[in-house]
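Report on the following structure.
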Amino acid sequence: METVRSWTDRDLRRLDEVIVEGERRFKERQPRSGARVVLTGGATSSWQIARPQMIWVSHGEGSEDDAWRFVDNFGAFAKALRG
3 METVRSWTDR DLRRLDEVIV EGERRFKERQ PRSGARVVLT GGATSSWQIA
53 RPQMIWVSHG EGSEDDAWRF VDNFGAFAKA LRG
């Protein structure tokens, strides 16, 4: 089993760059909207207004060191929209 190594300063700088670029792209793609008037923070879920912006991972390999597997089912404010 491979162990996770510690994050280096270079890793952390790269992570900062990825976050800044992700926030820039997010803002670039989002048109000005009236949603801010009717939705908390102008978003349907808290992860959309949290800082720093979410980093999206397309896939992964392996499991945690204790062999558990997880599925991310974060629903945020969606339950309020469904009633």
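The sequence shown runs 3 to 85 under the working numbering.
Cβ atoms here follow ideal geometry from the backbone N, Cα and C, with glycine treated the same way.
Computed from a prediction, not measured in an experiment: that's the story for all the values here.
Taking the alpha-carbon positions, what's the residue i to residue j distance?
i	j	result
residue 12	residue 32	30 Å
residue 29	residue 16	20 Å
residue 60	residue 19	18 Å
residue 23	residue 7	25 Å
residue 53	residue 14	16 Å
residue 10	residue 25	23 Å
residue 21	residue 27	10 Å
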